[in-house]
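Report on the following structure.
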Amino acid sequence: MFKKVLIANRGEIACRIIRACHAMNIRAVAIYSEADANALHVQLADEAFLVGPSAVSQSYLQGAKIVEIAKSCNADAVHPGYGLLSENADFAELCQRAGLVFIGPKPAAIARMGSKVQARQVAIAAGVPVVPGSQGAVQDEEQAVQLASEMGYPVMLKASAGGGGIGMVVAHNEADLRSSFASSSKRVLSYFGDGTMYLEKFIERPRHVEIQVLADEHGNAIHLGERECSIQRRHQKIVEESPSTAVTPELREQMGRAALALVRELQYTGVGTVEFLLDTSGKFYFLEMNTRLQVEHPVTEEVMGVDLVQWQLRVAMGQALDAEVMERRQTGHAIECRICAEDPERFFPSPGTITELQLPEGPSVRNEIGVRQGDAITPYYDPMFAKLITYGKDREEARQAMLVALRQYHVAGIKTNLPLLQRVLENEAFAAGDTHTSFLHEQFGL
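5 is the number of the first residue of the sequence shown in the working numbering; add one for each residue after it.
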């Protein structure tokens, strides 16, 4: 049993993990940068320690310093949340070497899924469908052109070490591919320290559907249904829901089996998400695996009645999945909207002080938030500061609850994406469940 867990993160996810720790009678330790000295997660924690200056590279990405703090305060384990160091195999290994439990999978699994090329190879070995593409890294521009001509345009040029859509380029012809290859490789090298690129056939108007998995160290592994995350801007999700309107019980079973085949191939433990592209014919293809808690985990929690963060903690403590969680089935529908501090017209970050904050309330409403009225949104970190989740007995009830909640959500002092979220939920195509990754571009020209 853990007595104390250090949370190597900030904002709303740090607050979420603190609540889970307290529910299990575990003391929660926060870290904070100079900019976050008065942050909500610092106030909620039992202990808090300064980790460095405001810049994320000098604070929340300082793995060795974080481990040093965890050891000094006698923490048993480190929870990385999402983003930051959550998918950093070196950090996971650093924790283990220091005698700390890393609340997540083994470093080897993180490393294999962290490379898009390796992840694709693991999926193939597990018998999981993959998008037609290069068998490994593309060595140079000429090889990329040759492969593209063989598989047919359009193709997607992707970065092996990429994330958040960085380095992803669609090429509709040879000229597009040649003009993009060098610049994309250079860009991802500067972001991730690895300029390796690979090529896939571009699937037009797919849905982004992901399967939540949970596995323990005793050989038990389950999937907890799907989430649809097709409403994206520049490959960044903004609205997520569960279940997907496109997934039948039969398709859910097929996708779940594929996800669990990958879990077994990796000998994976803990919480993870296997992401797929679903084409218009109902065929699905492996996209990637996120070896951590997802931003959108609350929608699964709502429809499954499972606390995923508490299960992360239990699995990390060596507990086995019990019959109750293994027999869970989806009930109802849940939708999540990401609330971001950004100009809704130009999509620029909108730092500043929150002078007024009024959150929607009600039995079907759940707020996940990392700020209070009077707090400052700084330019140092991701602009998402909150998530709004609604639940209903069916999708329309959840959608209507979300529309009411969005209209009640009031933030002053900064600009937010609330107007865009309202437009999405009001949209006729969204109401009909006709969603895909090009939705915002086709419906709103974004």
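For glycine and all other residues, C-beta sits at the position ideal for the given N, C-alpha and C.
Burial state of residue i, where buried means 16 or more other Cβ atoms lie within 10 Å
i, result
"S153", "exposed"
"M5", "exposed"
"R101", "exposed"
"E146", "exposed"
"M201", "buried"
"H445", "exposed"
"R333", "exposed"
"N13", "buried"
"N78", "exposed"
"A117", "Position check: residue 117 holds Met in this sequence, whereas Ala was assumed. Buried, by the Cβ-count rule."
"S90", "buried"
"D94", "exposed"
"R399", "buried"
"P423", "exposed"
"E245", "buried"
Straight-line Cα distance separating residue j from residue i
i, j, result
"F196", "P367", "43 Å"
"T420", "A345", "5 Å"
"H176", "P210", "17 Å"
"A74", "G156", "52 Å"
"H26", "V149", "55 Å"
"G309", "L264", "20 Å"
"R261", "A41", "45 Å"
"P348", "P387", "12 Å"
"E401", "A435", "11 Å"
"A327", "A409", "35 Å"
"K205", "P136", "6 Å"
"L54", "L44", "14 Å"
"V151", "F185", "The question names Val, but residue 151 is Leu in the sequence shown. Near 13 Å, if we compare the C-alpha coordinates of F185 and L151."
"R20", "R370", "12 Å"
"F351", "F448", "14 Å"
"V9", "P302", "21 Å"
"V134", "I358", "45 Å"
Sub-8 Å separation of residue i and residue j beta-carbons
i, j, result
"A34", "A59", "no"
"A320", "V105", "yes"
"I215", "V278", "yes"
"G276", "T249", "no"
"P111", "A130", "no"
"E281", "Y289", "Note that residue 281 corresponds to Leu in the displayed sequence, not to Glu. Closer than 8 Å, so yes."
"A39", "T382", "yes"
"L88", "L65", "yes"
"M259", "E230", "yes"
"G274", "Q323", "no"
"V267", "V217", "yes"
"I226", "L325", "yes"
"P364", "Q412", "yes"
"P84", "G108", "yes"
"V213", "V251", "yes"
Span of the beta strand (DSSP E) around residue i
i, result
"K8", "K8 to I11"
"Y289", "F288 to N294"
"I339", "H337 to C344"
"I373", "V369 to I373"
"F53", "E51 to G56"
"A163", "V159 to A163"
"R333", "No beta strand (DSSP E) contains R333, which DSSP labels as neither H nor E."
"M117", "No beta strand (DSSP E) contains M117, which is instead part of the alpha helix (DSSP H) from P111 to G118."
"S246", "Q240 to S246"
"A81", "A81 to H83"
"R31", "R31 to S37"
"E360", "E360 to Q362"
Range of the contiguous alpha helix (DSSP H) that encloses residue i
i, result
"G260", "P253 to L270"
"L73", "One detail in the question is off: residue 73 reads as Ile in this sequence, not Leu. Unbroken alpha helix (DSSP H) run through I73: G67 to S76."
"V299", "V299 -> no alpha helix (DSSP H), and no H or E assigned at all."
"S194", "E178 to F196"
"L407", "R399 to Q412"
"S90", "First-last for S90: undefined, no H or E at that position."
"F206", "Looking at the DSSP string, F206 is not in any alpha helix (DSSP H), and its letter there is neither H nor E."
"S234", "Premise fails: S234 lies in the beta strand (DSSP E), A225 to R237, not in any alpha helix (DSSP H)."
"G366", "Segment: none, G366 is in no alpha helix (DSSP H) and carries neither H nor E."
Same chain, Cβ closer than 8 Å to residue i, neighbours up to 5 away in sequence not counted
i, result
"G199", "A163, S189, K190, V192 and L193"
"G140", "V121, Q125 and Y202"
"Q314", "A24, A27 and M28"
"R182", "E145 and V149"
"L407", "Q426, L429 and E430"
Contacts around residue i, its chain only, beta-carbon distance under 7 Å, and the 5 residues preceding and following it disregarded
i, result
"D283", "I207 and P210"
"H440", "R209, P210, R211 and S234"
"E451", "Past the edges of the chain, shown from 5 to 450, lies residue 451, and the structure says nothing about it."
"K7", "I30, R31 and D80"
"G56", "S37, Q62, S63, Q66 and K69"
Proximal residues to residue i (C-beta, below 6 Å), its chain only, five neighbours per side dropped
i, result
"K397", "G336"
"C341", "V243, L392 and L425"
"L270", "A113"
"S138", "L151, Y202 and L203"
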